[in-house]
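FYI, in the numbering used here the residues of the sequence shown are 6 to 84. Note that the Cβ used here is the ideal one computed from N, Cα and C, for glycine as well. Every value quoted in this text rests on a predicted model; they were computed, and no experiment measured them.
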Amino acid sequence: MSYFLFLALFLGIPIVLLLAQLRWEKRPTPAIWQNMSVRQALLIIIALALFYTTPWDNYLVATRVWWYDPALVTGLTIG
């Protein structure tokens, strides 16, 4: 399984399903979220996850604790 397929299956599908559920339920939202759209909230969560996990992932790859099979990734190195 390629990394892109892994992301699509385990991140893409749940995100789409959760967004569909949010549109379908129409529950009252907490006061802190009332002035924020679903897209804005999702972007905040994505940004937090990206900024929190990127340094840790880079450290694990650099110290060879975690690695990717070269046949399954694009070969683009960031960091």
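Start and end residues, alpha helix (DSSP H) containing T79: One-based indexing of the sequence shown puts residue 79 at position 74. Neither: T79 is in no alpha helix (DSSP H) and is coded neither H nor E.
Start and end residues, alpha helix (DSSP H) containing W61: On the sequence shown, residue 61 is found 56 positions in, with the first residue counted as 1. Per DSSP, W61 belongs to the alpha helix (DSSP H) from V43 to A67.
DSSP three-state assignment for W71, whether helix, strand or coil: Numbered from 1 along the sequence shown, position 66 holds the residue referred to as residue 71. If DSSP states are grouped into helix, strand and coil, W71 belongs with coil.
Cβ-Cβ separation, S7 to L77 (assumed contact under 8 Å), whole Å: Position 72 of the sequence shown, counted from the first residue, corresponds to residue 77. Position 2 of the sequence shown, counted from the first residue, corresponds to residue 7. Yes, they are in contact, since the Cβ atoms of L77 and S7 sit about 5 Å apart, within 8 Å.
R28 in three-state terms, based on DSSP: On the sequence shown, residue 28 is found 23 positions in, with the first residue counted as 1. R28 falls in the helix class under three-state DSSP.
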